[in-house]
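Asks: Residue numbers (this note's numbering): 146 to 464.
Cβ atoms here follow ideal geometry from the backbone N, Cα and C, with glycine treated the same way.
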């Protein structure tokens, strides 16, 4: 049993599924739970997808809780057509996996996070790879956890490159800019793994073929799921020779920060029209002696990919 404990807060689409696999396959951390969010799919679909992926990987001891089903400023959520195009309508590349035997937990994901922060403190790693809605609510409900959680590494934002929804805005931040701003301007210290580094970390059919060649259920299923993602990238990001490992890179960085080169910055998220959802330095705190966000600006993509393939291929070989 590892000392470090991890919670993933994600909207289980394709890169989220790879993030789950990375967390399960990593030898130096215990995945103690998943909080479902909205984004790539509706929250209930994402939670069920997470359970299916966990069962496929033999990790049926990991509970899945549901978080918020919409942003902090709306009362409903609709999946964007581009999300369905990239991840498939079911979120996992239209691959049909068996319904999981384990059910979704009845405790709220926000309460689970707060309880885990109290229980594990500095040994807790939280990796949000969807909207920040659940984390913002947890900080509002229990502000003291900002000092209790040991490590928050999130996938979201874009500092040195354009966004992927607008020229300013990355998709996860775009879902709930107000929540993201509340998190980034809180006392919580976090690491931002944005498009700056995830778009440099690519997977190709060469790697998915290695999974297919294992002739295991997990290897074949993940090859099918990720090949769908690669196909979508050929349409939406044709200049890239593969698909970006957005969410699994955040999991990797949470365990080994040396994968990325960073810049320390006090940040905010703009909520005004025109640049809504932009992750940018906060001029009001520019000269503060302490910063609360560590931003990834470059990545050792080759070393990360080697680790990623070692963890996932080793795990898929067993299942």
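(1) If you follow the beta strand (DSSP E) that residue 146 is in, where does it begin and where does it stop?
(2) Pair every Cβ in the stretch 254-274 with every Cβ in the stretch 148-160, then say whether three or more of these pairs are closer than 8 angstroms.
(3) Indicate whether the contact test is met: 3 or more Cβ pairs, each with one atom in the stretch 221-234 and one in the stretch 182-193, closer than 8 angstroms.
(4) Smallest Cα separation from residue 233: which of 158, 439, 461, 312?
(5) Do three or more CB pairs link the stretch 200-220 to the stretch 304-311 at distances below 8 angstroms?
(6) Pull up the distance between the alpha-carbon of residue 458 and that of residue 201, whole angstroms please.
(7) Within 10 angstroms of its Cβ, does residue 455 collect 16 or more other Cβ (buried), or is it exposed?
(8) Any idea which residues DSSP pairs residue 409 with across the strands?
(9) Ignore the nearest five residues each way along the sequence and tell me which others in residue 239's own chain have a CB closer than 6 angstroms to its CB.
(10) In terms of residue numbering, what span does the alpha helix (DSSP H) encompassing residue 381 cover?
(11) Return the bridge partner residues of residue 210 from the DSSP annotation.
(12) Does the distance from the CB of residue 297 to the CB of residue 441 come in under 8 angstroms?
(13) Take the Cβ of residue 431 as the centre, count every other Cβ of all protein chains shown within 10 Å, and call the residue buried at 16 or more, exposed below.
(14) Would you call the stretch 403-417 and the stretch 369-377 in contact, with 3 or more CB pairs under 8 angstroms?
(15) Can residue 209 and residue 242 be called in contact, C-beta distance under 8 angstroms?
(16) Tell me residue 270's beta-bridge partners as DSSP assigns them.
(17) Alpha carbons only, please: which of 199, 189, 168, 180 is nearest the one belonging to residue 363?
(18) Of the residues 399, 447, 418, 428, which one's Cα is nearest the Cα of residue 164?
(19) I'd like to know if the stretch 330-349 and the stretch 433-453 are in contact, where contact means that at least 3 CB-CB pairs between them fall below 8 angstroms.
(20) Going by DSSP in three states, residue 175 sits in which element: helix, strand or coil?
(21) Between the Cα of residue 176 and the Cα atoms of 452, 450, 290, 396, which residue gives the shortest distance?
(22) What is the rounded straight-line gap between the Cα of residue 343 and the Cα of residue 419?
(23) If you drop the 5 nearest sequence neighbours on each side, which residues of the same chain put their C-beta closer than 6 angstroms to that of residue 392?
(24) Rounded to a whole number of angstroms, what is the C-alpha to C-alpha distance between residue 347 and residue 384?
(25) Could you check where the beta strand (DSSP E) with residue 252 kicks off and where it finishes?
(26) My understanding is that residue 279 touches residue 237, with C-beta atoms under 8 angstroms, so please give their C-beta distance in whole angstroms.
(27) State the start and end residues of the unbroken beta strand (DSSP E) segment that holds residue 192.
(28) Excluding five sequence neighbours on each side, which residues of the same chain lie with their C-beta closer than 8 angstroms to the C-beta of residue 448?
(29) Counting only runs that start and end within the stretch 306-334, where is the beta strand (DSSP E) found for 3 or more residues in a row?
(30) Could you say which of 283, 290, 281, 350 lies nearest to residue 264 if we only look at CA atoms?
(31) Have a look at residue 204 and residue 169 and give me their C-alpha separation to the nearest angstrom.
Replies: Per the coordinate set shown:
(1) No beta strand (DSSP E) holds residue 146; DSSP gives it neither H nor E.
(2) yes
(3) Result yes; three or more Cβ-Cβ pairs closer than 8 angstroms.
(4) 158
(5) No, because fewer than three Cβ pairs between the stretch 200-220 and the stretch 304-311 fall closer than 8 angstroms, the two stretches do not touch.
(6) 14 angstroms
(7) exposed
(8) 439
(9) Cβ contact annotation for residue 239 (same chain, cutoff 6 angstroms, sequence separation greater than five): 233, in chain order.
(10) 362-381 is the extent of the alpha helix (DSSP H) around residue 381.
(11) 180
(12) no
(13) exposed
(14) Contact annotation: the stretch 403-417 does not touch the stretch 369-377, with fewer than three C-beta pairs closer than 8 angstroms.
(15) no
(16) 151, 296
(17) 199
(18) The shortest Cα separation from residue 164 among 399, 447, 418, 428 belongs to 399.
(19) yes
(20) strand
(21) 396
(22) 25 angstroms
(23) 160, 161, 164, 274, 300
(24) Take the alpha-carbon of residue 347 and the one of residue 384: they are about 12 angstroms apart.
(25) Element bounds for residue 252: n/a, residue is neither H nor E.
(26) Contact flag wrong, Cβ pair sits at about 21 angstroms.
(27) It is not in any beta strand (DSSP E) - residue 192 instead sits in the alpha helix (DSSP H) that spans 188-201.
(28) 404
(29) If we require 3 residues or more, the stretch 306-334 turns out to have no beta strand (DSSP E) run fully inside it.
(30) 290
(31) 7 angstroms
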